[in-house]
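Chains as they are written, first to last, in the working numbering: chain V, 17 to 483; chain Y, 17 to 483.
Here it is as C-alpha cells:
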C-alpha cells in the first residue's frame, strides 16, 4: 500500500507545475471545440432561415424555390449581411458578423476567433459538398437508366455542341472584338462551357420534369458536360502552366471517365442484387438508408480518387439503385437527409457570390461589365442552340432543353477561381466571367419554368408520367 | 480598345512569374479540399460499415444494437484496426490506415497528410456532435413533458442519490483503502457521478421502454445528472486549479441551468403555436424538418453559450415540439436524419476508447486494474441503489431504474480527459477511471435489456402504452 501512495503522491506533487500549463492549453482546446460547434449551429440556423425565407418568397411569386435559396445565400453572404463568410473568399474572422455574435454571446476570444472561423467554415463547406453529393444521389434515384441510355446519343450531341459553340464563339469574340490576349480568352471561353447539373436538376425536380424526355436529355447532357468540363479545365490549366497541351493527361481523363461511368453501372447492376439481399437480412435501424449511402459514398470516393468529381459517383450509385426494388423506400428516406444537407449547398453558392463586381459606379467595373454583356449573350445563345440539334422526336420542347443547359453555377466559379489563381486573367476578364456565371445561374431557373409552362399551356407537353 | 489590350497583356506578362507560385498554392489548396472530402467519405463508409455490422451481430445474439455500434467503433478505432483515429487521442496522420489508403489510392502526399488528417477528423467529430444533438432532439420528441414533470421529484431524488452515493463511496474508498491523495481521489469520485444520457436513451428506445414510467424517470434523472455533472466538473476543476471551490461559479451554473430548462420550456410553449402557424403557411420542401431543426439548434446554441451542454437545448426543443400537432410528422422526418448522424456518434465513442489500458500483461496496468475493479463496483452499486430510493408506485421496476443510470459513456471520458490534462491524476488512477467508464458503458446495455426482460416475464410490467 505504501508503495502505491508514494508513487501517487510523488506524481501529484512533481507533476503539478507542468500540469497547470497543460491544463490551460487543453481546456482552451476543449473550449475551442465547443465554440466551433456553436459556430456551426449558428451557421446552420442562418442558412436554413435564408433558404426557407428565399424559397417561400420565390414560390409565392411563382419562381423556383432554388432561386430563392441562392438569393437568400447572397443576402447572408459576402455581398450583403456578411453572416456566412469563407476564408477562400479572402474573408477573415473580423469580417464575419457571426463571429462577432459568438464573441458577444458565447465568450469567444479575439485570439481564438480566426481558428474558430476557419474550422466552422471548413465544416460548413464540407456539409455543402455532402449536400451536392446527396442531391446527385437523389437525382440518380429519380432518373431512369433505360431512358438515359435511350436518349444518350441525343444528350451527347447536346453536350458536345454546348461545349464547342460557346467556347469557340467566346474565345474568338474576345480576341477579335475586345483584343484580349489568347490565354485569358481561352480561359473565358472554357468557363462558358460549364453546366451546373445541381441547379438544373433541382429546378427540373421542382417542376416535376425530371423524368420527362426533355428532363432526361438535360440530365444526361449535363452529366456528360460535367465530364467534358473537367477535361476542358485540365486542358486550359496545362496550357496556362506549361504553354502546351498534355495529350496523355487528356486521354487519361476521357478514358477514366468512360470506364468509370460504364464500369460502375455494369458492375453495379451485378452487385445490386447482392446488396438488396444483404439489406433484406438486416434488422438494425436505418439499414436501407445507410447501405445506400455507403454505396454512394464508395462510388463518390472512387470518382474523386481518379480525379473525376464525387458527384458523378453519387449519380451513378443512384442510377444503379433505382433499378432495384428498394428504390421507393430509399427515395423516401433520402428526402429528409437531402432536406437537411442540400439547402446548405445552394445557400453557400449564393453566400460565396460577390456581387460587388456588378456595381457600375465603380469605374474599374465598367470594362468588366462590357465584356460580361458579351459573355452573357454567348453563354445563353451558345447553350440555347444546343436544343435545336436534337434529332428524332419532333414534339420535344427544344427550347427547354437548351435553356436547361444555361446555368454555369458552381462549375463556372471553379473556372473563374482557377483562372484567377493562375494569374492569366486580368481583373476585368475575371469580373466578367463572374458576372456571366451569376447572370446565367440566376436567370436559368425562372427561364426554365417559363419555357416549360409555355409548352404546357399550348398543349405540346410530351411529359411521360413515370411511376 | 488598345488600352484594354495593353492592360491585359501587361497584366499577363508581368504577372506570370508571381502567378506560377500563387497557382501552385491555390491548386494544392483545392486539391487538399478534395482530399478532405475524400477522407470524410471514406470515414463515413467505414463508420457505417462498423455500425451496421456491430448492430447486426448484437441484434442476432439478443444484445442492444447500440452496444454493437460501440464495439464496431472499437474495432475500427485506436484499439484495433486504426482506421478511424483522432488527433485529440494523440494519434498522428501516419498512424491512420485510412490516411495511408488515401495516400495509396487518391494521391495524397506526405506533406498534405497531417492537414488532411486533422481536417477530416475535425469534420467527423463535428458530425458526431451534431449526431448526439439530433439524438437528444429525437428523445425529447418521443418524451412526454407532462409525464416528466409528474415523475420530476422522483427523478430528482434518483439523480441526487446517484451523484452523492458513488462520489462519497469512491472518494473515501480511494483515500482510505488505496491511500490515494485527496485531489485525485476527488477527481475519480467525480467521474463516478456521470450518466451517459445518450447510451441509456438509445437502449430504452430500442427496448420500446422510452415512454414507460421507468423510462421517463431514467431520462429525467439522466438529464438532471447531466446538469449536476457539469456542476461537479466545474467544482473539481476549480478545486484542482486554485485549491479552493468558487461558490459564485457554482451558483451561476445551477441558476443558469434551472433558468434555461424551465425558461425554455415555458417560453417554448408560448412560441410553439406561432411556429406551427408559420410552418402551416410554408410551401417549400422540408418546412417541418428545417423549422424543427432551427428551433433545436437555437436552443442548443443558447445552452452552449451559457456554458451548459448543447444536448440539453436539443432535448428541451424536442420536449416543446412534442406538445404540438406536428410531433408525428417531425418524428417521421427526423428518423432518417438521425439514422444518418447518430451512428457516427456511437462509433466515434468506441473508436476513441483505448483498450490498451486493459492489458494485464503490461505490469504498469495492473495497479490501475486493481483500482478499476473497486471503481467499477462502486460505479454499479452506487447507481443501482438509486432505484430503491424511488417512492410512490411500488410496482415500478426499481432495479431497471438503477441499472439505467449505470453507463458513464462520453461524460465519464470528459472527466478522465480533464483530469488527465490537469496532471492531478497518476497514470494508474487515470487508467482505472477509463476502465471504469468502458466497463459501465459496455455492461449497461445488456444488463438493461436483462432487467426489463425479467420484469416482463414475471408479469410485473407496468409499461404504459402511450398513444
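Don't be surprised by glycine CBs; every beta carbon is placed ideally from N, CA and C.
Check                                                                                                                                                                                                      : Outcome
Applying a beta-carbon distance threshold of less than 9 Å, which residues of chain Y neighbour residue 352 of chain V?                                                                                    : 302, 305, 348, 349, 350, 351, 352, 353, 356
Do residue 183 of chain Y and residue 205 of chain Y count as a contact pair if the criterion is CB distance below 8 Å?                                                                                    : yes
Under DSSP, the alpha helix (DSSP H) around residue 509 of chain Y begins and ends at which residues?                                                                                                      : As displayed, chain Y neither begins before 17 nor continues past 483, which places residue 509 of chain Y out of reach and without an answer.
Below 8 Å on the Cβ atoms is my guess for residue 61 of chain V versus residue 276 of chain Y; work out the distance and round it to an integer in Å.                                                      : No, residue 61 of chain V and residue 276 of chain Y are not in contact; Cβ-Cβ is about 18 Å, not under 8 Å.
What separation, rounded to the nearest whole angstrom, lies between the Cα atoms of residue 106 of chain V and residue 303 of chain V?                                                                    : 42 Å
Hey, is residue 205 of chain Y's beta-carbon within less than 8 Å of any beta-carbon in chain V?                                                                                                           : no
Please report the residue range of the alpha helix (DSSP H) in which residue 368 of chain Y lies.                                                                                                          : 343-368
Comparing the C-beta of residue 326 of chain V with each C-beta of chain Y, is any distance below 8 Å?                                                                                                     : yes
Grab me the residues of residue 191 of chain V's own chain with a C-beta within less than 7 Å of its C-beta, minus the 5 sequence neighbours each way, in chain order.                                     : 198, 201
Does the Cβ-Cβ distance between residue 335 of chain Y and residue 272 of chain Y come in under 8 Å?                                                                                                       : no
Could you spell out the range, first to last residue, of the alpha helix (DSSP H) harbouring residue 96 of chain V?                                                                                        : That residue, residue 96 of chain V, is in no alpha helix (DSSP H); it is neither H nor E in DSSP.
Taking the straight line between their C-alpha atoms, what separation do you get for residue 189 of chain Y and residue 171 of chain Y?                                                                    : 27 Å
Distance check for residue 344 of chain V and residue 280 of chain V, CA to CA, integer angstroms please.                                                                                                  : 22 Å
Name the chain V residues that come within less than 9 Å of residue 268 of chain Y, Cβ to Cβ?                                                                                                              : Under the 9 Å cutoff, chain V gives no residues; its nearest Cβ is about 13 Å from residue 268 of chain Y.
Apply the 10 Å Cβ neighbour rule to residue 145 of chain V and answer buried if 16 or more other Cβ atoms are within range, or exposed otherwise.                                                          : buried
If I follow the unbroken alpha helix (DSSP H) through residue 149 of chain V, where does it start and stop?                                                                                                : 129-158
To the nearest angstrom, how far is the alpha carbon of residue 108 of chain Y from that of residue 102 of chain Y?                                                                                        : 8 Å
Starting from the beta carbon of residue 122 of chain Y, find every residue of chain V whose beta carbon is closer than 7 Å, and list them in chain order.                                                 : 320, 321
Would the beta-carbon of residue 125 of chain V be found less than 7 Å away from any heavy atom of the ligand HEM?                                                                                         : This structure lacks the ligand HEM, and indeed carries no ligand of any kind.
Among residues of its own chain, excluding the 5 on either side of residue 168 of chain Y, which ones have a beta-carbon nearer than 7 Å to its beta-carbon?                                               : 236
So which residues of chain V does residue 492 of chain Y contact, with C-beta pairs closer than 9 Å?                                                                                                       : The structure shown does not extend to residue 492 of chain Y, since chain Y spans only 17 to 483, so no value can be given for it.
Identify, in the order they occur along the chain, each residue of the same chain with its Cβ nearer than 6 Å to the Cβ of residue 99 of chain Y, setting aside the five sequence neighbours on each side. : 62, 92, 113, 114
Indicate whether at least one CB of chain Y lies closer than 8 Å to the CB of residue 192 of chain V.                                                                                                      : no
Of the residues that make up the segment 416-430 of chain Y, which ones have a beta carbon closer than 7 Å to any beta carbon in chain V?                                                                  : none
Give the range of the alpha helix (DSSP H) segment to which residue 119 of chain V is assigned.                                                                                                            : 113-121
Taking the straight line between their C-alpha atoms, what separation do you get for residue 238 of chain Y and residue 154 of chain Y?                                                                    : 15 Å
Is there a Cβ of chain Y sitting closer than 8 Å to that of residue 112 of chain V, yes or no?                                                                                                             : no
So which residues of chain Y does residue 71 of chain V contact, with C-beta pairs closer than 7 Å?                                                                                                        : 300
Pairs of beta-carbons, one from the segment 347-359 of chain V and one from the segment 401-420 of chain V, closer than 8 Å: are there three or more?                                                      : no
Identify each residue in the segment 45-65 of chain V for which the Cβ-Cβ distance to at least one residue of chain Y is less than 9 Å, and report them in chain order.                                    : 45, 46, 49, 50, 51, 52, 53, 54, 56, 57, 58, 60, 61, 64, 65
Pull out every residue of the segment 69-101 of chain Y whose Cβ sits closer than 8 Å to any Cβ of chain V, in chain order.                                                                                : 71, 72, 75, 76, 81, 84
Check each candidate in V/420, V/328, V/117 and name the one with the smallest Cα separation from residue 221 of chain V.                                                                                  : V/420
Indicate whether the contact test is met: 3 or more Cβ pairs, each with one atom in the segment 263-272 of chain V and one in the segment 442-457 of chain V, closer than 8 Å.                             : no
Who are the Cβ neighbours of residue 196 of chain V in its own chain at under 6 Å, not counting the five residues just before and after it?                                                                : 190
Determine the closest residue to residue 460 of chain V out of V/48, V/175, V/362, V/219, with distance taken between C-alpha atoms.                                                                       : V/219
Return helix, strand or coil for residue 452 of chain V, following the three-state DSSP convention.                                                                                                        : helix
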